[in-house]
Amino acid sequence: MSQVRLRFAPSPTGYLHVGGARTALFNWLLARKQHGKFILRIEDTDVARSTQQSVDAILEGMTWLGLDWDEGPFYQSDNFPLYKEYVQKLLAAGKAYKCYCSSEELEAKREQALKEGGKPKYDGTCRELAAQPDDGRPYVVRFKAPQQGTTSWVDLVKGKISFENAELDDLIVQRTDGTPTYNFVVVVDDASMAITTVIRGDDHVNNTPRQILLYQALESEVPSFAHVPMILGADKARLSKRHGATSVIAYREMGFLPEAMVNYLVRLGWSYGDEEIFSLEDLIQKFSIENVGRSAGVFNTEKLLWLNAHYIKNGDPVRLAGLVTPFLSERGVKPEGGPDLVAVVKTLQERAKTMLELADGALFYYRGDFAYDEKGAAKFFNAETPALLAELLGKLEALGSFDLAAIEGVFKAICEEKGIKLGQIAPAVRLALSGSTASPGIYEMIEVFGKAETGKRLERAIAAIK
RNA sequence: GGUCCCAUCGUCUAGUGGUUAGGACACCGGCCUUUCACGUCGGUAACAGGGGUUCAAGUCCCCUUGGGAUCACCA
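Per numbering that gives the first Met the number 0, the very first residue in the first sequence carries number 0; after that it's consecutive.
Right under this line is the structure:
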């Protein structure tokens, strides 16, 4: 069997949408799994709405997710001559005809039909017209679709789907201005690129019978189709901006990791037993289009967040340090000169659900001029505190090796000597070091700060209490 | 409205005729603990409804209901 060829064919009229990203992911996965090719094609036949900026945004999104392509990006706008040629072929073979109806006329007929409860399909006025000499009258080219019989296919995710040809009308393949239309272009491209499997959103199932008919008219092999369900918002309506972010890149900006996004997206509609965590490598091995569900799924940020937290928790601190840096500079913090960022990240990994939270959590390490949490100060800073902190400071400074165990030893010693509990000193230290009542572990913070900075902060607190 | 598709906890899902209907997120409790988290243990929670078929139906068929998609010289 020859190798599979799949494609992702976004139209460059906006950002890479999470739904599009999932479609791209499924295509990519299948191509990789079956050692086939993954092709990127930009569907920009609508010249007015397509922008290079959108193309860049889409490529950026795919690259961020780790989806690379073997061929392309191809631009449909480069293929206009090819489409023209195919239109001529259809015309010559009597499989298409020129239609002189104006769009105003058609619009009126449609409304009329709709009003009378009929079908708003083309009435076939020009269908049987004899070939007309080109006298300058504007025309579109319509595909002469069969009016009897049924068209069906076995969808890789939905099973057998059939349509009565009588329900279909003669779609326009070439506009008045000579440019080709979507349904036609997709077929010509998929055929000429020898695409074997088309995975796309199920908003395309209604286009599929027309496209199959077109393949047949063009005498091309019909690829297999897999229509994956839509992604819905919490109210079960098609996911849109009003449900929150829909752009993949927006998720990066909100501090999500690409592996979390990929993992979330793939599990939305696909499953592998009880497993939840999948890397791209796992997926190449485990993914199969047969296990994609047939029903639409609701995009659930909570679960994405959980996955993101998982990947942050288990991520490489060096990489995370690199990723958090831009978020820190947005907050006016540059780690140079402060505690080692990698060490800082390690203390925050299990406490952050997003890189944004990680950045916020790291701020106090690099800012020594914070105000102490009011309630915390009222509760944990008291008359005894300065002496205790001073005692602690002295013992810490006397320490030889400044590691976790040694630091913990100091606290133990103080508690024993003073006959107090850890709870009588720890919260004050936490407040002194971080300004907050919620922070990483005290010993960890002290180790990360080192003697000098720990000393500075302890002194500052002592002074503040007095 | 026509056509097409879909239907298991709130959400993502497992389930392919015989299960105490399983897992995950979220939620609620216990434990762990220097805080917050992490972790861990446990709990609440679902087969949309009605007819069939069958010894047996979440699983097969039909209808109803509900949801979604699409009906452009957009893609």
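Where is the CB? At the ideal position from N, CA and C, for every residue including glycine. As the structure is a prediction and not an experimental result, all values here were calculated from the model.
Here T44 is near Y181, since their CB atoms are less than 8 angstroms apart. Burial is judged here by how many other beta carbons sit within 10 angstroms of a residue's own beta carbon; P439 has at least 16 and is buried.
A distance below 6 angstroms between beta-carbons, with the five flanking residues on each side excluded, links K345 to the following residues of its chain, in chain order: P316. Assignment of alpha helix (DSSP H) within the segment 151 to 237, counting only whole runs of 4 or more residues, yields 181 to 191, 207 to 216 in chain order.
Within a 10 Å sphere around the beta-carbon of E42 sit 16 or more other beta-carbons, which makes this residue buried. In terms of Cβ geometry, F224 and V197 form a close pair [threshold 8 angstroms]. A30 and K88 have their C-alpha atoms spaced approximately 32 angstroms apart. Ranking L256, W68, A95 by CA distance to the CA of Y310 puts L256 first.
For F7, the enclosing beta strand (DSSP E) starts and ends at 4 to 7. In this structure, S435 is the residue among S435, E84, A412, P385 with its C-alpha nearest to the C-alpha of K374. For R141, the secondary structure class from DSSP, reduced to helix, strand or coil, is strand. A direct Cα-to-Cα measurement between S328 and L430 gives close to 25 angstroms. Nearest C-alpha to Y138 among G148, T124, T150, Q147: T124.
Contact annotation: F37 and D69 have beta-carbon atoms nearer than 8 angstroms. The C-beta of P179 has 16 or more other C-beta atoms within 10 Å across all chains shown, which makes the residue buried. Per DSSP, the continuous alpha helix (DSSP H) segment holding E396 begins and ends at 384 to 396.
R126 is the residue among R126, K32, A386 whose C-alpha sits nearest the C-alpha of Y96. Contiguous beta strand (DSSP E) elements confined to the segment 8 to 44 occur at 36 to 41, taking only those with 3 or more residues.
For F410, the enclosing alpha helix (DSSP H) covers residues 403 to 417. Here W63 carries a helix assignment [DSSP, helix/strand/coil]. Y271 and I441 have their C-alpha atoms roughly 41 angstroms apart. Between D154 and L15, the alpha-carbon positions lie close to 25 angstroms from each other. Between I230 and L282 the beta-carbon gap is near 18 angstroms, outside 8 angstroms, which marks them as no contact.
Taking 8 angstroms as the upper bound for CB-CB distance, L398 and A427 are not in contact here, some 20 angstroms apart. Around the beta-carbon of S191, fewer than 16 other beta-carbon atoms lie within 10 Å, marking it exposed. As DSSP reads the structure, C125 sits in no beta bridge. Setting aside the 5 residues that flank it on each side, V343 is surrounded in the same chain by A361, Y364, V447, each with a C-beta closer than 7 angstroms to its C-beta; the list follows chain order. With contacts defined by Cβ atoms closer than 8 angstroms, V221 and G200 do not form a contacting pair. Separation of K378 and G422 (C-alpha to C-alpha, rounded to the nearest whole angstrom) is 12 angstroms. Counted as a single uninterrupted DSSP element, the alpha helix (DSSP H) harbouring E452 occupies residues 441 to 464. Membership of E301 in the alpha helix (DSSP H) is indicated by the continuous run 300 to 312.
Within 10 angstroms of the beta-carbon of Q147 lie fewer than 16 other beta-carbons, which makes it exposed. Ranked by Cα distance from L403, the first of E396, D372, M444 is M444. Under DSSP, Y96 forms a beta bridge with R141. Remark: C-beta atoms of I288 and F25 approach each other more closely than 8 angstroms.
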